[in-house]
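S.K.: Under our numbering, think of the first position of the sequence shown as 132, with each following residue one higher. Don't be surprised by glycine CBs; every beta carbon is placed ideally from N, CA and C. My structure is below; once you've seen it, I'll send some questions.
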Amino acid sequence: MELLYDKQQTGRPGIIAIATDFAGRKESEVVSNGAIKVKVEKMNFFYGQKQALFNININVVEKKVTALIGPSGCGKTTFLRILNRMNDLISHTRMEGKVLLDGTDIFDRSQDVVELRKRVGMVFQQPNPFPKSIYDNVAYGPRVHGMKQKRALDEIVEKSLRGAALWEEVSDRLNKSALSLSGGQQQRLCIARVLAVQPEILLMDEPTSAIDPIATQRIENLIRQLCDHYTIIIVTHNMQQAARISDYTGFFLQGNLVEYGRTSYIFTKPEDQRTEDYITGRFG
């Protein structure tokens, strides 16, 4: 099953037709036509004695957009933060199972967490630029990783801002405060800041929930462009957004991954009644 979009409007806005080519296939078959970037096996996660995630198994396909949907408190953000070990910063947490990035367990004792977070960048719900200039926000990561040459930093800043579709708007004011930008521009600046350290994966936790519809559309269009070069995993409460921008969708409920597969399949012929109930607005 494949969604066909009217590309003459905004890129991937509305569904105009449905072509069936894999109806009825299981998730393992659905993702078999792409390289697996992240493989999660038998993941359980605990905050103290409280279990937040239960036996999560998922294959994330390289250079595709994977959307995670589900009601508030269902474990989506917890799962996202595990992928670059941000939950390590929270005391009394515990993870069971494996998270394999290109076949290597990110929780192996030999894993360099700083290097992992360089490979797996994160963009948060609220834009969080540093109280520095636009230039210094983007150059911050490369400087931390040892980049000193001004010319090289200039090239990285320009390339990253272009990659975040922001260069044309700020190129003449790079020394101005990042806090002077609009909310949508600040969010794209945060994306540029992540791109500056050349990640392989972008984690996005509801990146458009705090910005206006026009800025949201720009971010969505940017996500579709970025997936040519990056593997993107996005948490969203917006069903229409998940349908518009993602290639794969996972539905979380009460800490369980209820269903996962191609977005076109999840939104048109889900196998689990709970998935259908959620995406049609019966709960959540």
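#1: Taking C-alpha atoms, which residue in 261, 330 and 413 lies nearest to residue 194?
#2: Taking the runs of the beta strand (DSSP E) that are 3 residues or longer, which of them lie wholly in the segment 298-383?
#3: Taking the beta carbon of residue 318 as the centre, do at least 16 other beta carbons fall within 10 Å, making it buried, or is it exposed?
#4: Looking at residue 252 and residue 325, is the spacing between their C-beta atoms short of 8 Å?
#5: Can you list, in chain order, the residues of its chain whose CB lies under 8 Å from that of residue 219, leaving out five sequence neighbours each side?
#6: Using DSSP with H/G/I as helix, E/B as strand and the rest coil, what is residue 167?
#7: Could you name the residues of the same chain whose beta carbon sits closer than 6 Å to that of residue 270, not counting the 5 residues immediately before and after it, in chain order?
#8: Can you tell me which of 356, 189, 340 and 204 puts its alpha carbon nearest to the alpha carbon of residue 386?
#9: What is the rounded straight-line gap between the Cα of residue 186 and the Cα of residue 174?
#10: Could you tell me whether the segment 204-216 touches the segment 351-369, using the rule of 3 or more Cβ pairs below 8 Å?
#11: What distance in whole Å lies between the Cβ atoms of residue 272 and residue 327, which are believed to be in contact at a cut-off of 8 Å?
#12: With 16 other CB atoms within 10 Å as the buried threshold, where does residue 362 fall?
#13: Which residue from 183, 411, 301 and 190 puts its Cα closest to that of residue 229?
#14: Please report the straight-line C-alpha distance between residue 293 and residue 179, rounded to a whole angstrom.
M.R.: Walking through what the data contain:
#1: Numbered from its first residue, the sequence shown carries residue 194 at position 63. Closest by alpha carbon: 330.
#2: 332-336 and 362-366
#3: Here residue 318 refers to the residue found at position 187 when the sequence shown is read from its first residue. Residue 318 is buried by the Cβ-count criterion.
#4: The residue labelled residue 325 in the question sits at position 194 within the sequence shown. The residue labelled residue 252 in the question sits at position 121 within the sequence shown. Closer than 8 Å, so yes.
#5: As a working note, residue 219 is residue 88 in the sequence shown. Excluding sequence neighbours, residue 219 sits near 244.
#6: Locating residue 167 in the sequence shown gives position 36, where the first residue counts as 1. Residue 167: strand per DSSP, three-state reduction.
#7: The residue labelled residue 270 in the question sits at position 139 within the sequence shown. Within the same chain, residue 270 has close Cβ partners 284 and 288.
#8: In the sequence shown, the residue the question calls residue 386 occupies position 255. Minimum Cα distance to residue 386 is reached at 204.
#9: Here residue 186 refers to the residue found at position 55 of the sequence shown. Here residue 174 refers to the residue found at position 43 of the sequence shown. Going from the Cα of residue 186 to the Cα of residue 174 covers about 5 Å.
#10: yes
#11: By one-based count along the sequence shown, residue 327 stands at place 196. By one-based count along the sequence shown, residue 272 stands at place 141. Correct: roughly 5 Å between the Cβ atoms.
#12: To locate residue 362, count along the sequence shown from 1; it is residue 231. By the 10 Å Cβ count, residue 362 comes out buried.
#13: Position 98 of the sequence shown holds residue 229. When each option's Cα is compared against that of residue 229, the closest is 190.
#14: Numbered from 1 along the sequence shown, position 162 holds the residue referred to as residue 293. Numbered from 1 along the sequence shown, position 48 holds the residue referred to as residue 179. For residue 293 and residue 179, the distance between alpha carbons rounds to 43 Å.
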